[in-house]
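Colleague: Below: one structure in structure tokens.
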Amino acid sequence: MFCLKTVRFCRWFNNKKQGFTLIEMLVGLAISGLILWTLFECVKSFHWAIDRHESNRFPEWQQFLLLMEREFEAVNILKIRNNVISVVDKETKNGQDIKLSNGRIYKTPGFVPYLYGVEDFQVTYDPPILWMVARLEDGQTYEGRILIEEDEVN
1 MFCLKTVRFC RWFNNKKQGF TLIEMLVGLA ISGLILWTLF ECVKSFHWAI
51 DRHESNRFPE WQQFLLLMER EFEAVNILKI RNNVISVVDK ETKNGQDIKL
101 SNGRIYKTPG FVPYLYGVED FQVTYDPPIL WMVARLEDGQ TYEGRILIEE
151 DEVN
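In structure tokens, the structure reads:
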């Protein structure tokens with residue numbers, strides 16, 4: 001308290017009048033502004049995390065790979081050309097193609113879609129692994145591999 005009595009600049013602390021001084025109001029406003037800024041930053045980062053989570057298509061890609069694994073257990077792969085996988089059903093011996101068209105990866109004949117919103121789809125077979133890379137319309141790129149048994153490839 002000695003400093004407050006001797007230094008003229010600190011005299012505003014000893015104000016005996018009722019009410020707030022200008023400096024007290026400015027300090028209070030600065031603290032309130034800091035609290036509000038922190039609150040808005042928290043809300044903004046929460047919205048960013050929600051948007052990032054909703055735009056993540058990795059679970060769809062994982063489901064696609066699982067579907068392809070199950071599909072390749074039921075078929076024999078004939079050939080892979082121009083990113084089209086030609087397969088033959090083991091039981092019915094019907095030929096089918098798995099390909100990209102109109103932004104969808106699906107099986108023909110018929111229309112069994114596996115993955116939507118695909119811009120580019122690349123397939124490479126490096127025995128015994130089938131590599132698949134898909135670039136989605138929102139710019140995300142996913143890569144996956146499936147182990148193919150030798151009896152499934154003709």
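All letters in the sequence shown, in the order written, are residues 1 to 154 by full-length UniProt numbering. For each residue, glycine too, the CB sits at the ideal point set by N, CA and C.
#1: If the criterion is Cβ atoms closer than 7 Å, does the pair L36 and G144 meet it?
#2: Shortest alpha-carbon distance to D126 belongs to which of I80, G95, T38?
#3: Less than 6 Å between C-beta atoms, sequence neighbours within five positions excluded: which residues of the same chain meet that for residue 177?
#4: So, is M25 buried or exposed, given that buried needs 16 or more other C-beta atoms within 10 angstroms?
#5: Can you tell me whether T21 is helix, strand or coil according to DSSP?
#6: Between the region 68-79 and the region 49-60, do at least 3 Cβ pairs fall closer than 8 Å?
#7: Can you tell me whether DSSP reads F72 as helix, strand or coil?
#8: Helix, strand or coil: how does DSSP classify E149 here?
#9: Helix, strand or coil, according to DSSP, for V58 in the structure here?
#10: Could you check which residue in S32, R135, N94, D120 has the C-alpha nearest to that of residue 166?
Modeller: Put simply:
#1: The residue given as residue 36 occupies position 36 in the sequence shown. The residue given as residue 144 occupies position 144 in the sequence shown. No, Cβ-Cβ distance for L36 and G144 is not below 7 Å.
#2: Counting from 1 along the sequence shown, the entry for residue 126 is found at position 126. For the residues I80, G95, T38, the minimum Cα distance to D126 belongs to I80.
#3: The question about residue 177 has no answer here: the residues shown for the chain are numbered 1 through 154.
#4: Here residue 25 refers to the residue found at position 25 of the sequence shown. So M25 ends up on the exposed side.
#5: Here residue 21 is taken as the residue at index 21 of the sequence shown, counted from 1. Of the three classes helix, strand and coil, the one that applies to T21 here is coil, per DSSP.
#6: no
#7: Numbered from its first residue, the sequence shown carries residue 72 at position 72. In the structure shown, F72 sits in a helix (DSSP, three-state: H, G or I).
#8: Within the sequence shown, numbered from 1, the residue matching residue 149 stands at position 149. Residue state, collapsed to three classes: coil.
#9: For the purposes of this step, residue 58 is taken as residue 58 along the sequence shown, with counting starting at 1. It is worth fixing the name first, because residue 58 is Phe in this sequence and not Val. It is helical.
#10: Not covered by the structure: residue 166. The range shown for the chain is 1 to 154.
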